[in-house]
Amino acid sequence: MSVDPAHTLRDVFDRQRPPENLTIETIDTRERWRRFRETLGQEIDRAVAGLTPSGVTLEYDAEAMRNLVEIAPPGADELFAISRLADLIADRSQDAIIVDTAPTGHFLRLLDLPRTAGEWVREFMRILLRYRELIPAGSLGEELVHASRSLHALEEMLHSADCGVIVVTRPERIVVAETRRLIDELQRRGINVSGVIANYVTPETDCSCDRSMRAHENAALRELGREAVMIERQDAPITSLAELAALVPLDSRS
Numbered sequence: 197m198s199v200d201p202a203h204t205l206r207d208v209f210d211r212q213r214p215p216e217n218l219t220i221e222t223i224d225t226r227e228r229w230r231r232f233r234e235t236l237g238q239e240i241d242r243a244v245a246g247l248t249p250s251g252v253t254l255e256y257d258a259e260a261m262r263n264l265v266e267i268a269p270p271g272a273d274e275l276f277a278i279s280r281l282a283d284l285i286a287d288r289s290q291d292a293i294i295v296d297t298a299p300t301g302h303f304l305r306l307l308d309l310p311r312t313a314g315e316w317v318r319e320f321m322r323i324l325l326r327y328r329e330l331i332p333a334g335s336l337g338e339e340l341v342h343a344s345r346s347l348h349a350l351e352e353m354l355h356s357a358d359c360g361v362i363v364v365t366r367p368e369r370i371v372v373a374e375t376r377r378l379i380d381e382l383q384r385r386g387i388n389v390s391g392v393i394a395n396y397v398t399p400e401t402d403c404s405c406d407r408s409m410r411a412h413e414n415a416a417l418r419e420l421g422r423e424a425v426m427i428e429r430q431d432a433p434i435t436s437l438a439e440l441a442a443l444v445p446l447d448s449r450s
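Okay, so the sequence shown: first residue is 197 according to my numbering, each after it adds one.
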């Protein structure tokens with residue numbers, strides 16, 4: 197499942213059908229968020245329109261709900277991706293779930309969602325419950341309940357022994373330094389880092405420039421303090437899934 201806004205995973209598998217035991221899914225979180233905001237606005241307007249003049253309190257809370265949407269925490273749109281991920285976790289027919297995320301900052305924001313978005317979702321639910329007769333639970337309330345449960349499921353899953361993060365980096369000192377900070381942060385949070393992949397490594401050749409660059413890259417990667425699976429740079433474009441799989445050294449596959 198891809199939660200990367202760039203959706204590069206979808207682009208890869210659009211070229212060739214994946215094997216039967218692999219299902220590819222991308223979540224358009226921005227479109228889902230747009231529809232959520234639209235539905236919320238319609239529900240509020242419908243409820244307020246049906247009020248008698250004594251309904252001042254609802255008008256106040258309706259404005260509060262509109263404001264809650266405007267001050268949604270960064271990454272709130274990804275609640276919908278988290279909800280789908282929670283569904284997949286609960287689906288015992290899946291042997292493994294692989295989540296393709298965006299780079300470091302975006303990924304850490306995703307990990308923060310149970311904390312940053314949890315209270316935001318609960319406040320929405322408190323207001324909706326006060327007016328459940330005027331604003332029926334419907335799809336809006338159900339979506340919020342599902343989001344709340346999904347955030348809890350994400351928090352549990354991240355600290356499970358069944359969960360592991362595979363970090364992808366490049367053999368450059370600045371990138372490696374950022375990767376080191378990411379690994380340290382994941383360990384601080386109690387999240388297992390199950391592997392590191394170094395992408396775009398200079399191939400080992402007889403060229404003196406390549407040898408010098410490879411030595412420089414190896415020195416940078418040693419600063420990680422752990423072994424990394426090396427994926428060498430390819431000058432020719434990858435045109436099939438078999439070629440893509442062949443990039444991973446045989447002794448690194450498990």
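Idealized CB from N, CA, C, for every residue including glycine. Computed from a prediction, not measured in an experiment: that's the story for all the values here.
The Cβ atoms of residue 309 and residue 264 lie no closer than 8 Å to each other.
Looking at the DSSP output, residue 289 shares a beta bridge with no other residue. Between residue 316 and residue 273, the beta carbon gap of about 12 Å keeps them out of contact (Cβ cut-off 8 Å). For residue 338, the secondary structure class from DSSP, reduced to helix, strand or coil, is helix. A Cβ-Cβ distance of about 5 Å is found for the pair residue 395 and residue 427, placing them in contact under the 8 Å criterion. When the five nearest sequence neighbours on each side are left out, the beta carbons in the same chain lying within less than 7 Å of the beta carbon of residue 279 are those of 342, 343 and 346, in order along the chain. Scanning the stretch 316-404 from its first residue to its last, the whole alpha helix (DSSP H) runs of 4-plus residues come out as 334-354 and 369-384. Apart from sequence neighbours up to five positions away, the residues of its chain that approach residue 372 with a beta-carbon distance below 7 Å are 365, 416, 417, 419 and 420, ordered along the chain. In the pairwise beta carbon analysis, the stretch 372-385 is classified as touching the stretch 289-307: at least three pairs are separated by under 8 Å. For residue 426, DSSP records a beta bridge to 394. Pairing residue 404 with residue 212 gives a Cβ-Cβ distance that is not under 8 Å. Just so you know, the alpha carbons of residue 391 and residue 422 end up roughly 9 Å apart. Per DSSP, the continuous alpha helix (DSSP H) segment holding residue 439 begins and ends at 437-442. When DSSP states are grouped into helix, strand and coil, residue 225 belongs to the helix group. Inclusion of residue 349 and residue 294 in the CB contact set at 8 Å is not warranted, their separation being larger than that value.
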